[in-house]
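Peer 1:
There are 2 protein chains.
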Amino acid sequence: MFRELNPLLHSELRLAVMSVLIGVEEADFTFLREQTGATAGNLSVQIDKLQKAGYVDVEKTFRGKMPRTVCRITSEGVKAFEDYTEALKSYLKL
Amino acid sequence: MFRELNPLLHSELRLAVMSVLIGVEEADFTFLREQTGATAGNLSVQIDKLQKAGYVDVEKTFRGKMPRTVCRITSEGVKAFEDYTEALKSYLKL
DNA sequence: ATAATTTGGTTTATAAAATAAACTACTTTA
DNA sequence: TAAAGTAGTTTATTTTATAAACCAAATTAT
């Protein structure tokens, strides 16, 4: 009847992050913050979870002496996102 | 960019309950339990929240001496469900 | 008859999650 | 050189979700 919703993606902010990342080559922390409207703290935590799940690659470098965090969605992340989308359709009559 | 997701509906079980209710005239506790696969405790709590939000009407009666809980979605509930569905579309490229 | 199981739930306790607030470290501007 | 801004992380707090325990009545088995 209802397909299970991946709890890692069933979160407003993590879903928003994935939604941004699926549409771009890469996105840095600041861009994700702007696009999602999240606070830095919340974003930091949620990116971490997505990384630990293997859904995004996170690259921490420096631009001069300022830190720079760049994120990219992984193929596993793309698949999870697509699965989540499909699963949602069992709840919504789209 | 991203529309806010009504937190009351952004819950796997509550969404499933609403999804069942939107398709039927009414549903009792047992039917909802079967359809959603939820535990009774969890279902009880979540129905309560939906009722308090005004999204479902709950009618507690007795069939003989056994309690019977019948749920119906309200028009407010239908609207909230439709809004939620629309909001989700800003995250998923459906 | 009475003990065990099932039905239809509710209440309470616990684990997990989301979020904000506080903090670090460095840079830029006044 | 002091204040404010950037780019985050860590920690603490509040909410949620969920399970476990419980209650009352009915049914089934002994």
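Sequence lines, in order, name chains A and B. First residue of the first sequence: 32, per my numbering; consecutive thereafter. First residue of the second sequence: 32, per my numbering; consecutive thereafter. Ideal Cβ placement from N, Cα and C applies to all residues, glycine included.
If we count the other Cβ atoms within 10 Å of its Cβ and call it buried at 16 or more, is Ala71 of chain A buried or exposed?
Peer 2: Taking the first residue of the first sequence as 1, we reach residue 71 of chain A at position 40. Here Ala71 of chain A is exposed. Its C-beta has fewer than 16 other C-beta atoms within 10 Å.
Peer 1: On the premise that Val76 of chain A lies in contact with Gln66 of chain A, defined as a C-beta separation below 8 Å, what is that separation, rounded to the nearest angstrom?
Peer 2: Taking the first sequence and counting its residues from 1, one reaches residue 66 of chain A at position 35. Taking the first sequence and counting its residues from 1, one reaches residue 76 of chain A at position 45. Not a contact, Cβ separation roughly 17 Å.
Peer 1: Taking 8 Å as the limit between beta carbons, can you name the residues of its chain near Arg99 of chain B, skipping five residues before and five after?
Peer 2: By one-based count along the second sequence, residue 99 of chain B stands at place 68. By the criterion of a C-beta distance shorter than 8 Å, Arg99 of chain B is surrounded in its chain by Asp59, Phe60, Lys91, Thr92, Phe93, once the five residues flanking it on both sides are discounted.
Peer 1: For Leu39 of chain A, which option in A:Leu74, A:Ala111, A:Met32 has the closest C-alpha, if you only look at C-alpha atoms?
Peer 2: As a first step, residue 39 of chain A must be located in the first sequence, where it is residue number 8. Nearest option by C-alpha distance: A:Ala111.
Peer 1: Assign Leu92 of chain A to one of three DSSP states: helix, strand, or coil.
Peer 2: Residue 92 of chain A sits at position 61 when you count from the first residue of the first sequence. The identity of residue 92 of chain A in the sequence shown is Thr, whereas the question assumes Leu. In this structure, Thr92 of chain A counts as strand in the three-state DSSP scheme.
Peer 1: Can you tell me which of the three DSSP states Arg64 of chain A falls into?
Peer 2: Here residue 64 of chain A is taken as the residue at index 33 of the first sequence, counted from 1. If DSSP states are grouped into helix, strand and coil, Arg64 of chain A belongs with the helices.
Peer 1: Using only the alpha-carbon positions, how far apart do Asn73 of chain A and Val48 of chain A sit?
Peer 2: If you number the first sequence from 1, residue 73 of chain A lands on position 42. If you number the first sequence from 1, residue 48 of chain A lands on position 17. Answer to the nearest angstrom: the Cα atoms are 12 Å apart.
Peer 1: Taking C-beta pairs closer than 7 Å, name the residues in chain B that Glu43 of chain A reaches, listed in chain order.
Peer 2: The residue you call residue 43 of chain A lines up with position 12 of the first sequence. Result: Leu36, His41.
Peer 1: To the nearest angstrom, report how far apart Tyr122 of chain A and Gly95 of chain A are at their CA atoms.
Peer 2: Counting from one through the first sequence, the residue named residue 122 of chain A turns up at place 91. Counting from one through the first sequence, the residue named residue 95 of chain A turns up at place 64. Cα to Cα, the separation comes out at about 48 Å.
Peer 1: Is it the case that the CB of Lys124 of chain A approaches a heavy atom of the ligand COA more closely than 7 Å?
Peer 2: What this structure holds is no ligand at all, so the ligand COA is not there to describe.
Peer 1: What first and last residue would you give for the alpha helix (DSSP H) that runs through Ile78 of chain B?
Peer 2: Here residue 78 of chain B is taken as the residue at index 47 of the second sequence, counted from 1. Segment 71 to 83, the alpha helix (DSSP H) holding Ile78 of chain B.
Peer 1: Cα separation between Glu35 of chain A and Val87 of chain A?
Peer 2: Position 4 of the first sequence, counting from 1, holds the residue named residue 35 of chain A. Position 56 of the first sequence, counting from 1, holds the residue named residue 87 of chain A. Cα to Cα, Glu35 of chain A sits roughly 21 Å from Val87 of chain A.
Peer 1: Go ahead and pull the three-state DSSP assignment for Met32 of chain A.
Peer 2: What you label residue 32 of chain A is simply residue 1 of the first sequence in a count that begins at 1. Reduced to three states, the DSSP call for Met32 of chain A is coil.
Peer 1: Could you pull out every residue in the same chain whose Cβ sits closer than 8 Å to the Cβ of Thr105 of chain B, ignoring the five residues on either side in sequence?
Peer 2: As a first step, residue 105 of chain B must be located in the second sequence, where it is residue number 74. Around Thr105 of chain B: Gly85, Tyr86, Val87, Asp88.
Peer 1: Helix or strand or just coil, what does DSSP make of Thr100 of chain A?
Peer 2: As a first step, residue 100 of chain A must be located in the first sequence, where it is residue number 69. DSSP places Thr100 of chain A in strand when its eight states are reduced to three.
Peer 1: For Gly108 of chain A, count the other beta carbons within 10 Å of its own beta carbon; 16 or more makes it buried, fewer makes it exposed. Which is it?
Peer 2: For the purposes of this step, residue 108 of chain A is taken as residue 77 along the first sequence, with counting starting at 1. A residue is called buried once 16 or more other Cβ atoms fall within 10 Å of its Cβ, and Gly108 of chain A is buried on that count.
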